[in-house]
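**Q**
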Amino acid sequence: MAERRDRLPVRKTYKLYIGGAFPRSESGRTYEAEGQNVARASRKDVRDAVRSARAAQPKWAGMTAYNRGQVLYRVAEMLEARTREFAELTGDEAEVHAAVDRFVWYAGWADKLAQVLGSANPVAGSYFNFTVPEPTGVVGVLVPDEPPLLGLVSRLAPAVVGGNAAVVVASESRPLAAIELAEVLATSDVPGGVVNLLTGFRSELAPVLAAHMDVNALDVTGADGDIPELERLAADNVKRVVRGSVEDQSPWEIAGFLELKTVWHPMGV
Amino acid sequence: MLVLRLLEDQIERLRHAVAPSAQHARGGGAEARRVVELGADEVDMVVDRGAFLAGRYAKVYDEIVQVKEAVGETHLKVILEVGELGTYDNVRRASLLAIAAGADFIKTSTGKLSSSATLPVTLVMLEAIRDVFDETGRRVGMKPAGGIRNAKQAVQTLVLVHETLGLDWLTPDLFRFGASSLLNDVLMQIRKQKTGRYQSPDYFTID
Amino acid sequence: MAELEQRGDRTPVPSKWDYASAPESREIVTLAERYGLFIGGEFVEPRSGDYYETIAPADEEPLAEIPQAGAEDVALAVSTAREAFEDGWSAAAPAVRAKYLFRIARILQERSREFAVLESLNGGKPIRESRDVDLPLAAAHFFYYAGWADKLEYAFPHRRPKPLGVAGQIIPWNFPLLMLAWKIAPALAAGNTVVLKPAETTPLSALLFCDVLRQAELPPGVVNIVTGDGATGASLVKSDVDKIAFTGSTEVGKAIQRELAGTGKKLTLELGGKAANIIFDDCALDQAIEGIVNGIYFNQGHVCCAGSRLLVQESIYEPLIEKLKRRLTTLRVGDPLDKNTDVGAINSRQQLDKIEELVAAGNEEGAEIYQPPCRLPEKGYWFVPTVFTNVAQSYRIAQEEIFGPVLSVLTFRTPDEAVEKANNTPYGLSAGVWTEKGSRILWMAQRLEAGVIWANTYNRFDPASPFGGYKESGFGREGGLHGLEPYLDFREDSTEVTRG
Numbered sequence: 001m002a003e004r005r006d007r008l009p010v011r012k013t014y015k016l017y018i019g020g021a022f023p024r025s026e027s028g029r030t031y032e033a034e035g036q037n038v039a040r041a042s043r044k045d046v047r048d049a050v051r052s053a054r055a056a057q058p059k060w061a062g063m064t065a066y067n068r069g070q071v072l073y074r075v076a077e078m079l080e081a082r083t084r085e086f087a088e089l090t091g092d093e094a095e096v097h098a099a100v101d102r103f104v105w106y107a108g109w110a111d112k113l114a115q116v117l118g119s120a121n122p123v124a125g126s127y128f129n130f131t132v133p134e135p136t137g138v139v140g141v142l143v144p145d146e147p148p149l150l151g152l153v154s155r156l157a158p159a160v161v162g163g164n165a166a167v168v169v170a171s172e173s174r175p176l177a178a179i180e181l182a183e184v185l186a187t188s189d190v191p192g193g194v195v196n197l198l199t200g201f202r203s204e205l206a207p208v209l210a211a212h213m214d215v216n217a218l219d220v221t222g223a224d225g226d227i228p229e230l231e232r233l234a235a236d237n238v239k240r241v242v243r244g245s246v247e248d249q250s251p252w253e254i255a256g257f258l259e260l261k262t263v264w265h266p267m268g269v
Numbered sequence: 001m002l003v004l005r006l007l008e009d010q011i012e013r014l015r016h017a018v019a020p021s022a023q024h025a026r027g028g029g030a031e032a033r034r035v036v037e038l039g040a041d042e043v044d045m046v047v048d049r050g051a052f053l054a055g056r057y058a059k060v061y062d063e064i065v066q067v068k069e070a071v072g073e074t075h076l077k078v079i080l081e082v083g084e085l086g087t088y089d090n091v092r093r094a095s096l097l098a099i100a101a102g103a104d105f106i107k108t109s110t111g112k113l114s115s116s117a118t119l120p121v122t123l124v125m126l127e128a129i130r131d132v133f134d135e136t137g138r139r140v141g142m143k144p145a146g147g148i149r150n151a152k153q154a155v156q157t158l159v160l161v162h163e164t165l166g167l168d169w170l171t172p173d174l175f176r177f178g179a180s181s182l183l184n185d186v187l188m189q190i191r192k193q194k195t196g197r198y199q200s201p202d203y204f205t206i207d
Numbered sequence: 001m002a003e004l005e006q007r008g009d010r011t012p013v014p015s016k017w018d019y020a021s022a023p024e025s026r027e028i029v030t031l032a033e034r035y036g037l038f039i040g041g042e043f044v045e046p047r048s049g050d051y052y053e054t055i056a057p058a059d060e061e062p063l064a065e066i067p068q069a070g071a072e073d074v075a076l077a078v079s080t081a082r083e084a085f086e087d088g089w090s091a092a093a094p095a096v097r098a099k100y101l102f103r104i105a106r107i108l109q110e111r112s113r114e115f116a117v118l119e120s121l122n123g124g125k126p127i128r129e130s131r132d133v134d135l136p137l138a139a140a141h142f143f144y145y146a147g148w149a150d151k152l153e154y155a156f157p158h159r160r161p162k163p164l165g166v167a168g169q170i171i172p173w174n175f176p177l178l179m180l181a182w183k184i185a186p187a188l189a190a191g192n193t194v195v196l197k198p199a200e201t202t203p204l205s206a207l208l209f210c211d212v213l214r215q216a217e218l219p220p221g222v223v224n225i226v227t228g229d230g231a232t233g234a235s236l237v238k239s240d241v242d243k244i245a246f247t248g249s250t251e252v253g254k255a256i257q258r259e260l261a262g263t264g265k266k267l268t269l270e271l272g273g274k275a276a277n278i279i280f281d282d283c284a285l286d287q288a289i290e291g292i293v294n295g296i297y298f299n300q301g302h303v304c305c306a307g308s309r310l311l312v313q314e315s316i317y318e319p320l321i322e323k324l325k326r327r328l329t330t331l332r333v334g335d336p337l338d339k340n341t342d343v344g345a346i347n348s349r350q351q352l353d354k355i356e357e358l359v360a361a362g363n364e365e366g367a368e369i370y371q372p373p374c375r376l377p378e379k380g381y382w383f384v385p386t387v388f389t390n391v392a393q394s395y396r397i398a399q400e401e402i403f404g405p406v407l408s409v410l411t412f413r414t415p416d417e418a419v420e421k422a423n424n425t426p427y428g429l430s431a432g433v434w435t436e437k438g439s440r441i442l443w444m445a446q447r448l449e450a451g452v453i454w455a456n457t458y459n460r461f462d463p464a465s466p467f468g469g470y471k472e473s474g475f476g477r478e479g480g481l482h483g484l485e486p487y488l489d490f491r492e493d494s495t496e497v498t499r500g
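Residue numbers (this note's numbering), protein chains in the order written: chain A, 1 to 269; chain G, 1 to 207; chain H, 1 to 500.
#1: When you compare the CB of alanine 455 (chain H) with every CB in chain A, is at least one pair closer than 9 Å?
#2: Distance, Cα to Cα, tyrosine 297 (chain H) vs tyrosine 88 (chain G)?
#3: Would DSSP call glycine 501 (chain H) helix, strand or coil?
#4: Counting only beta-carbon atoms, is valine 269 (chain A) nearer than 9 Å to chain H?
#5: When the Cα atoms are used, what is the spatial distance from asparagine 299 (chain H) to glutamate 129 (chain H)?
#6: What residue from H:Glu365, H:Gly469, H:Leu442 and H:Tyr458 has the CA that sits closest to leucine 310 (chain H)'s CA?
#7: Under the three-state reduction of DSSP, which class applies to isoleucine 170 (chain H): helix, strand or coil?
#8: Quick check: the Cα distance between valine 167 (chain A) and serine 52 (chain A), rounded to an integer number of angstroms?
#9: Output the boundary residues of the alpha helix (DSSP H) element that contains phenylalanine 86 (chain A).
#10: Name the chain C residues whose beta carbon is nearer than 7 Å to that of serine 439 (chain H)?
#11: Check for me: the beta strand (DSSP E) holding alanine 30 (chain G) runs from which residue to which?
#12: State the Cα-Cα distance for the pair tryptophan 264 (chain A) and leucine 85 (chain G), rounded to the nearest angstrom.
#13: Would you say lysine 325 (chain H) faces chain A, with C-beta separation under 9 Å as the test?
#14: In terms of DSSP beta bridges, what is phenylalanine 383 (chain H) paired with?
#15: Looking at C-alpha atoms only, which residue of A:Ala114, A:Ala159 and A:Phe103 is the closest neighbour of isoleucine 254 (chain A)?
#16: Using three-state DSSP, classify glutamine 36 (chain A) as helix, strand or coil.
#17: Considering only the alpha carbon of each residue, which of H:Lys99, H:Pro94, H:Pro157 and H:Asn174 lies closest to leucine 121 (chain H)?
#18: Kindly list the residues whose CB is nearer than 7 Å to the CB of lysine 239 (chain A), restricted to its own chain and excluding five residues on each side of it in sequence; keep chain order.
#19: Going along the chain, which residues of its own chain have a beta-carbon closer than 7 Å to the beta-carbon of lysine 183 (chain H), five neighbours each way excluded?
#20: Which residues in chain A have a C-beta closer than 7 Å to the C-beta of glutamine 446 (chain H)? List them in chain order.
#21: Bridge partners of serine 119 (chain A), per DSSP?
#22: Find the residues of chain A that neighbour tyrosine 144 (chain H), judging by a C-beta separation of less than 9 Å, and give them in chain order.
#23: With a threshold of 16 other CB atoms inside 10 Å of the CB of alanine 360 (chain H), please say whether the residue is buried or exposed.
#24: Would you say lysine 238 (chain H) lies against chain G (beta-carbon separation less than 9 Å)?
#25: Taking just the CA atoms, how far does alanine 56 (chain A) sit from serine 250 (chain A)?
#26: Exposed or buried, serine 181 (chain G), counting other C-beta atoms within 10 Å across all chains shown (16 or more means buried)?
#27: Between H:Ala345, H:Arg97 and H:Thr389, which lies nearest to alanine 216 (chain H) when the distance is taken from Cα to Cα?
#28: How big is the Cα-Cα spacing for lysine 151 (chain H) and alanine 105 (chain H)?
#29: Whole angstroms are fine: how far does the CA of glutamate 172 (chain A) sit from the CA of glycine 91 (chain A)?
#30: Which class does histidine 482 (chain H) belong to by DSSP, given the choice of helix, strand or coil?
#31: At least one CB of chain A closer than 9 Å to the CB of tryptophan 541 (chain H): is that the case?
#32: Which residue's Cα is closest to the Cα of asparagine 340 (chain H): H:Ser205, H:Tyr52, H:Pro126 and H:Ile28?
#33: Near leucine 181 (chain A), which residues of its chain fall below 6 Å by C-beta distance, leaving aside the five closest residues on each side in sequence?
#34: How would you write the range of the alpha helix (DSSP H) that glutamine 554 (chain H) sits in, first residue to last?
#35: Would you say histidine 162 (chain G) faces chain H, with C-beta separation under 9 Å as the test?
#36: Just to confirm, are glycine 253 (chain H) and glycine 474 (chain H) a CB contact at a threshold of 9 Å?
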């Protein structure tokens, strides 16, 4: 398309993603990353994000697994459609393809977890006994700085496919891909609050998340040297602390965010 | 077409019933007697949900019996407040209890709670009425209130009545809607059927 | 328009109240006058040169001409599938196979209404069923198995499964598209290619499915569709496939098993049933009635797992039978494309004859028949929902699969007796148990010889839930993790044909 030489582009404003909406930080602060002003989230934004996640989680967990799988597949559809945009942002088209494929891979796990992670247990007695995996609840995710898109997707997809809601702290140095991913999520039938995305200084946000009494699990994959202190803070409400992989994909990455419930019932006339 | 005629007819009756003569009776027989003396055609009472959920069914039963005795021939509608009962089993239980204690009509709720009269709840209540009729020949009426806002929901409910209780219950003596916003939607649907155009609420007065 | 009658001093009551018809439009479907066989990604004329007519069972209207594939056509389809397997599909990355299956699932979802109308038109089942059950489940099946394609190492830890090669699949007329999904989805997920023969009377949804494959850009030859009658099926069984999957009558299943004896070809069979639907006196009665009605009148009783034997505890017999008979009077038999219809048309003249024969036997043997008043259309194949009471275990209507809207009622006193009667049959596909007592549900489930047991529900299907029979109802499972197994080769010594 022929452009007039003096056409001035309309620039995007990069905001947080909380409760399905795109607010600025309540603190009003920003910082500069990748040549843009990006929201610098505060502890109150963390508070709001956890609240949204907690409110949204029961409904997300209550959807059929098939439904959740379809939503994640739709995310892959929407992300694929924006490959060029993301490739420009990350500088690596292969990374974008890998991110799409990762969503597809995890989407297919939603309705299979119970079959691989659960069991019917042959107890010694006239009881029917079964074990089912269930989501732990609200998961805090600290994402590595690189790769900016795949790092996030590799940790986010396994966290939510089993029915958890997530509060994600994005890459500090390269946050733009994360915010664009939030736009993809917002157009993919992901219910508001299931994924919340915060940009800002990890050193400010991680401890708040780690100490939050209403967060059930913490993924420290992107936390670098701060892990011991975060794990100490996490102990105060016995959070499940997970160190995951960015390269690998596996059902064990999902299992780290799941609880196991075992039920007994007598068998008799 | 018939459905809309039936609704028009019922709405007419509703106007009569809702006129100052219907009162809510609480606090047992004395209050109920007073209300009847004042000229009420019908008396509504609400089931003691606290007692019901605590399992004190005899207390719930006695209260209804007392009120029915006090109002005599006047129609007694017993409101179950289904939104608070928690399970369909409880809705059936409360329905049977109310009917056994003398209710002439059982009603889902006062209508203030937004969506009590769901199709499943209505069905459970209609089935209780049907079972009582099968065993004793006694006909009890039903009134869904709370949540029926448009003609489509009303038609679905009427179909439910028709399928469960048959033609005999399709009369205002035994079935009425407790729905204040329903009337205008019915009128809009009638106009749409006649003209083929979807309507706007602006053309239908609220009073 | 109903009449209102005045009754004494009470307000008027309608003397009758008919519902307006609610027809689903046929316009969404475009039929060709004549179809070809779908081989190597294209529609081709049958080398046999033979065609037959497929009709709408609701009014016997001819719909289209369908190829009658001969032995040569079948051989061509199989060799095409073999080529596609060896030249590409088996070597394709599992994640790629997954994506094709996801595409198919999504396209089916988008074209759901079109398929549902076609299914009801060609097969006779009510549009509410094809729209709300068949189509959603078919799409879900593809979606579910898409997710397994690249996760087989987790489905079978410590084993390195490989695809078998070419699967020959023969499906019945009662759930044409759904049975196609049950067969094709796991086969493809496991890395096989397929030659599928739809039932003679219901080829149209399978042929339309080929258009979905075109839209999904599935590589040619991965799925091939050959239409025809039993002879076509027999050719497929005898051909150079690595595996046969068959859903249909027990009689034909046995013939196939005999035919394949000694050949080393893998086989799964999903055959007939005579399921006991067992009602205890502490059941939720109104819900049990709905479950009984669904169990035998859903899809006109053309269901292998239909609850065709009602076993009622004596202590609740009277009220149950009364409620059941009353419920039958509110069933609506009629035009499959009418959204108000509960019970549609019988699929074929042949099936109707079979039903009539067995019902006559029921009357002769001394059972008591009940049929609600029901006016049936003049053209087409129809049967009124029927209940037989006073049935003895030895009656033909208690032993043989009727595959129609006919229920046989027997009674029992104790749970032991219920189990004994329920199991006293060569079949073993499914069973129903209705009681509010949890421990009894589990106790019964333990003892019933059936592959699928429904407690306080009936006819529930899900791609994650394995389905299949005991005894003469067949072997192998479809659905769930276990549904992959019949399409995989677990032998250590077989040649490596896949990578990735």
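For every residue, glycine included, the Cβ atom is placed at its ideal position computed from N, Cα and C.
**A** Taking the geometry as given:
#1: No, its Cβ sits nowhere closer than 9 Å to a Cβ of chain A.
#2: Distance from the CA of tyrosine 297 (chain H) to the CA of tyrosine 88 (chain G), rounded to the nearest whole angstrom, comes to 26 Å.
#3: No answer is possible for residue 501 (chain H): the residues shown for chain H start at 1 and end at 500.
#4: By this cut-off, valine 269 (chain A) is an interface position.
#5: Their backbone Cα atoms lie some 8 Å apart in a straight line.
#6: Closest by alpha carbon: H:Tyr458.
#7: Look at isoleucine 170 (chain H) here: in three-state DSSP terms it is strand.
#8: Going by the C-alpha atoms only, they are around 9 Å apart.
#9: Phenylalanine 86 (chain A) -> alpha helix (DSSP H) spans 83-90.
#10: Absence of chain C from the displayed structure is noted, the protein chains being A, G and H.
#11: DSSP places alanine 30 (chain G) in no beta strand (DSSP E) but in the uninterrupted alpha helix (DSSP H) bounded by 29-37.
#12: Going from the Cα of tryptophan 264 (chain A) to the Cα of leucine 85 (chain G) covers about 28 Å.
#13: Not closer than 9 Å to any Cβ of chain A, the Cβ of lysine 325 (chain H) fails to qualify, so no.
#14: For phenylalanine 383 (chain H), DSSP records no beta bridge to any residue.
#15: Of A:Ala114, A:Ala159 and A:Phe103, the smallest CA-CA separation from isoleucine 254 (chain A) is found for A:Ala159.
#16: Of the three classes helix, strand and coil, the one that applies to glutamine 36 (chain A) here is strand, per DSSP.
#17: Minimum Cα distance to leucine 121 (chain H) is reached at H:Asn174.
#18: Cβ-Cβ distances below 7 Å link lysine 239 (chain A) to Val215, Asn216, Ala217 and Leu218 in the same chain, with the five nearest sequence neighbours on each side left out; the list follows chain order.
#19: Exclusion of the five residues before and after lysine 183 (chain H) leaves Gln169, Ile171, Leu196 and Ala245 as the residues of its chain whose Cβ lies within less than 7 Å of its Cβ.
#20: What glutamine 446 (chain H) touches in chain A: Met267.
#21: DSSP, once it has assigned bridges, lists A:Thr131 as partnering serine 119 (chain A).
#22: Below the 9 Å Cβ cutoff, chain A contributes Tyr66, Gly69, Gly108, Asp111 and Lys112 as neighbours of tyrosine 144 (chain H), in chain order.
#23: Alanine 360 (chain H) should be labelled exposed.
#24: It does not; no Cβ of chain G falls within 9 Å.
#25: Cα atoms of serine 250 (chain A) and alanine 56 (chain A): separation of roughly 26 Å, rounded to the nearest angstrom.
#26: By the C-beta density criterion, serine 181 (chain G) is exposed, having fewer than 16 other C-beta atoms within 10 angstroms.
#27: For alanine 216 (chain H), the nearest C-alpha among the options comes from H:Arg97.
#28: Rounded to the nearest angstrom, the two C-alpha atoms are 18 Å apart.
#29: So the two alpha carbons sit approximately 17 Å from each other.
#30: Under the three-state reduction of DSSP output, histidine 482 (chain H) falls in the helix class.
#31: Missing from the structure shown is residue 541 (chain H); chain H here goes from 1 to 500 and no further.
#32: Sorting H:Ser205, H:Tyr52, H:Pro126 and H:Ile28 by C-alpha distance to the C-alpha of asparagine 340 (chain H) places H:Pro126 at the top.
#33: Contacts found: none.
#34: Outside the shown range of chain H (1 to 500) lies residue 554 (chain H), about which nothing can therefore be said.
#35: Yes - at least one Cβ of chain H is within 9 Å of the one on histidine 162 (chain G).
#36: In contact: glycine 253 (chain H) and glycine 474 (chain H) (Cβ atoms closer than 9 Å).
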